[in-house]
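**Student:** Supplied in structure tokens, the structure appears directly below.
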Amino acid sequence: MGLIQASRGTRDILPDEVVYWQQVETAARQILGRAAYREIRTPIFEQTSLFERGIGEATDIVGKEMYTFVDRGERSLTLRPEGTAGAVRAFIEHKLHTQGGVQRLWYTGAMFRYERPQAGRQRQFHQLGVEVLGSADPRADAEVIAIATDLLQTLGLKDCTLSLNSVGNPSDRQHYREALVAYFQPYQTQLDSDSQERLYRNPLRILDSKDPRTQEICQTAPSILDYLGPESQSHFQRVQQYLTDLGIAYQLNPCLVRGLDYYTHTAFEFQTENLGAQATVCGGGRYDGLVQELGGPETPAVGWAIGLERLILLLQQQAQVFSTQLDFYVVARGEVAEAQALCLAQKLRQQGFAIELDLSGSAFGKQLKRADRSGAPACLIIGDAEAEAKTVQLKWLKSGQQQVISQADLLTQTEALRQQLITVS
RNA sequence: GCGAGCGUAGCCAAGUGGUUAAGGCAGAGGAUUGUGAUUCCUCCAUUCGUGGGUUCGAUCCCCAUCGUUCGCCCCA
Numbered sequence: 052m053g054l055i056q057a058s059r060g061t062r063d064i065l066p067d068e069v070v071y072w073q074q075v076e077t078a079a080r081q082i083l084g085r086a087a088y089r090e091i092r093t094p095i096f097e098q099t100s101l102f103e104r105g106i107g108e109a110t111d112i113v114g115k116e117m118y119t120f121v122d123r124g125e126r127s128l129t130l131r132p133e134g135t136a137g138a139v140r141a142f143i144e145h146k147l148h149t150q151g152g153v154q155r156l157w158y159t160g161a162m163f164r165y166e167r168p169q170a171g172r173q174r175q176f177h178q179l180g181v182e183v184l185g186s187a188d189p190r191a192d193a194e195v196i197a198i199a200t201d202l203l204q205t206l207g208l209k210d211c212t213l214s215l216n217s218v219g220n221p222s223d224r225q226h227y228r229e230a231l232v233a234y235f236q237p238y239q240t241q242l243d244s245d246s247q248e249r250l251y252r253n254p255l256r257i258l259d260s261k262d263p264r265t266q267e268i269c270q271t272a273p274s275i276l277d278y279l280g281p282e283s284q285s286h287f288q289r290v291q292q293y294l295t296d297l298g299i300a301y302q303l304n305p306c307l308v309r310g311l312d313y314y315t316h317t318a319f320e321f322q323t324e325n326l327g328a329q330a331t332v333c334g335g336g337r338y339d340g341l342v343q344e345l346g347g348p349e350t351p352a353v354g355w356a357i358g359l360e361r362l363i364l365l366l367q368q369q370a371q372v373f374s375t376q377l378d379f380y381v382v383a384r385g386e387v388a389e390a391q392a393l394c395l396a397q398k399l400r401q402q403g404f405a406i407e408l409d410l411s412g413s414a415f416g417k418q419l420k421r422a423d424r425s426g427a428p429a430c431l432i433i434g435d436a437e438a439e440a441k442t443v444q445l446k447w448l449k450s451g452q453q454q455v456i457s458q459a460d461l462l463t464q465t466e467a468l469r470q471q472l473i474t475v476s
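When you read off a place in the first sequence, starting at 1, and then add 51, the result is the number in our numbering.
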């Protein structure tokens, strides 16, 4: 019918759903604030080369998923596909390292990847992420994981498991990569076609193939954990020890590899079985080389990102209801009464009450029905008689009890009103 | 980028190559001109995502397109 719809892979978040988003944002602000993380807001688009260098030319994100365009000044720009590159660029550009010590940052916002939409996967989606810049201490790894755990738990997320791995430093990984290629080569023809292609380009990826025969072959493949040098091993051991000290359960998964080139040492994911193929709710790890790669000083770093659409899908599945709580629903009929209702509603709002004013002008019966459905514990009724006497009928919807009170008293006895609202609910 | 399924009102849906496209929820009005439940009555898709084709005739069959869902790839 020619109506313009939201573009493919984008969607509107309507008021009923926004309450979930606010719930997440409020919890995040509180938890991150307590841990001395500070919010950073970076641009939605960046120079294309930032992502090419930061994420890695060989990755799918850079290879086929970026929203890249040329602007009127002939610059190649890209809508950010993830948040880390921009945050690190800002860190370097504004020389935040000169502020000394460790920088703890967090961000939230829209990200863009050109992919086939699926449940829990869109072209415009939202992440909430943290980055700790300037610490190589394994306690930093443990801290970010603990904060993610805390946030997910606070939101009441169930059935979410933490997978943990180490991908070592670049030299460990190089040795491991060679060993893997050597192991897989004899099986080359038995691997699924995707994995055959990955054999030389990105052999680590073969490990998380979903093809049954490939998985079988992977069972006896060499483990990255046997290729970690002493330093990497010690780092990984300490991360695990700290998690145990924190009482955080995790599962070692030597097949866990991250998609982006910049990861080193710790890699982790929070996964669920309730999202179909999109199992990862939160993914992160350490990226000691990225800051330098982007032209900054040598700066170890660790962080994670939560996919908010996925998180909120899970919260909705758990049927948690967060409704905006109304205190009074105001109903009026008649010209004078309607004017009084308008003013009374506004004055009560100024006193801190949450008020919905019925604007329909329809019969009291209809207005009362709406009052009932609004979820407000009580309603205020003003008709001709009340308008004349400058009073209001205060009706408690649960009990049906009703009392007459003067409009002036209503505004001065706010403490008593508040008490009544509390006892009723 | 590849493979498969789906698209009938705000929501959930039945339906058939043949004049008027079930039903339910929600919504509006009324019975009740000042009080929430229940009940009852009335209204609520000139049209079946969009465009084209086949046909005397298409919501139904065919093609294309858009959207969506599931899987692969990949990722949050």
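Ideal placement from N, C-alpha and C gives every residue a C-beta, glycine not left out.
If you draw a straight line from the C-alpha of L472 to the C-alpha of T465, how long is it?
**Tutor:** Here residue 472 corresponds to residue number 421 of the first sequence, with the count starting at 1. Here residue 465 corresponds to residue number 414 of the first sequence, with the count starting at 1. Distance from the CA of L472 to the CA of T465, rounded to the nearest whole angstrom, comes to 10 angstroms.
**Student:** If we call anything under 8 angstroms between Cβ atoms a contact, is Q173 one with E360?
**Tutor:** Walking along the first sequence from the start, residue 173 turns up at place 122. Walking along the first sequence from the start, residue 360 turns up at place 309. The answer is yes: Cβ separation under 8 angstroms.
**Student:** Have a look at G60, L448 and Q458 and flag the residue whose alpha-carbon is nearest the alpha-carbon of G171.
**Tutor:** Taking the first residue of the first sequence as position 1, residue 171 is located at position 120. Of the listed residues, the one whose Cα sits closest to G171 is G60.
**Student:** Tell me which residue opens and which closes the alpha helix (DSSP H) that C269 is part of.
**Tutor:** Here residue 269 is taken as the residue at index 218 of the first sequence, counted from 1. Run containing C269: P263 to Q270, per the alpha helix (DSSP H) assignment.
**Student:** If we ignore side chains and look at the alpha-carbon of each, how far apart do F176 and I198 end up?
**Tutor:** Sequence index remark: in the first sequence, residue 176 carries index 125 (1-based). Sequence index remark: in the first sequence, residue 198 carries index 147 (1-based). Our two residues, F176 and I198, have alpha carbons roughly 22 angstroms apart in a direct line.
**Student:** State buried or exposed for E437, treating a residue as buried only when at least 16 other CB atoms are found within 10 Å of its CB.
**Tutor:** Reading the first sequence from its first residue, position 386 is the one you call residue 437. The residue in question, E437, is buried, as its Cβ has 16 or more Cβ neighbours within 10 Å.
**Student:** Figure out for me which residue from K146, V181, V139 and E116 has the closest Cα to the Cα of I357.
**Tutor:** Translated into the one-based positions of the first sequence, residue 357 becomes position 306. For the residues K146, V181, V139 and E116, the minimum Cα distance to I357 belongs to V181.
**Student:** To the nearest angstrom, how far is the alpha carbon of R384 from that of Y71?
**Tutor:** Along the first sequence, read from residue 1 onward, the residue named residue 384 stands at position 333. Along the first sequence, read from residue 1 onward, the residue named residue 71 stands at position 20. Taking the straight line joining both Cα atoms gives about 36 angstroms.
**Student:** Sort G114, I112 and L461 by Cα distance to L431 and report the nearest one.
**Tutor:** Within the first sequence, residue 431 is the residue found at index 380, counting from 1. Considering only alpha carbons, the answer is L461.
**Student:** What do you reckon, are the CB atoms on G185 and H145 nearer than 8 angstroms?
**Tutor:** Numbered from its first residue, the first sequence carries residue 185 at position 134. Numbered from its first residue, the first sequence carries residue 145 at position 94. No.
**Student:** Can you tell me where the alpha helix (DSSP H) holding F287 begins and where it ends?
**Tutor:** The residue labelled residue 287 in the question sits at position 236 within the first sequence. P281 to D296 is the extent of the alpha helix (DSSP H) around F287.
**Student:** Quick check on the DSSP output: the alpha helix (DSSP H) that includes G114 runs from which residue to which?
**Tutor:** To locate residue 114, count along the first sequence from 1; it is residue 63. Looking at the DSSP string, the run of the alpha helix (DSSP H) that includes G114 is D111 to K115.
**Student:** So is S476 buried or exposed if we call it buried at 16+ other beta carbons inside 10 Å?
**Tutor:** Here residue 476 refers to the residue found at position 425 of the first sequence. The residue is exposed, with fewer than 16 neighbouring Cβ atoms inside 10 Å.
**Student:** Verify whether the separation of the beta carbon atoms of L156 and Y88 is less than 8 angstroms.
**Tutor:** Here residue 156 corresponds to residue number 105 of the first sequence, with the count starting at 1. Here residue 88 corresponds to residue number 37 of the first sequence, with the count starting at 1. The answer is yes: Cβ separation under 8 angstroms.
**Student:** Are three or more beta carbon pairs between the stretch 233 to 242 and the stretch 334 to 348 nearer than 8 angstroms?
**Tutor:** They do not touch, by the three-pair rule.
**Student:** In angstroms, rounded to a whole number, what distance separates the CA positions of A390 and A427?
**Tutor:** Position 339 of the first sequence, counting from 1, holds the residue named residue 390. Position 376 of the first sequence, counting from 1, holds the residue named residue 427. One C-alpha to the other measures close to 21 angstroms.
**Student:** Between I299 and I196, which are expected to be in contact by the criterion C-beta below 8 angstroms, what is the C-beta distance as a whole number of angstroms?
**Tutor:** As a first step, residue 299 must be located in the first sequence, where it is residue number 248. As a first step, residue 196 must be located in the first sequence, where it is residue number 145. That belief holds up - the Cβ atoms of I299 and I196 are roughly 7 angstroms apart, short of 8 angstroms.
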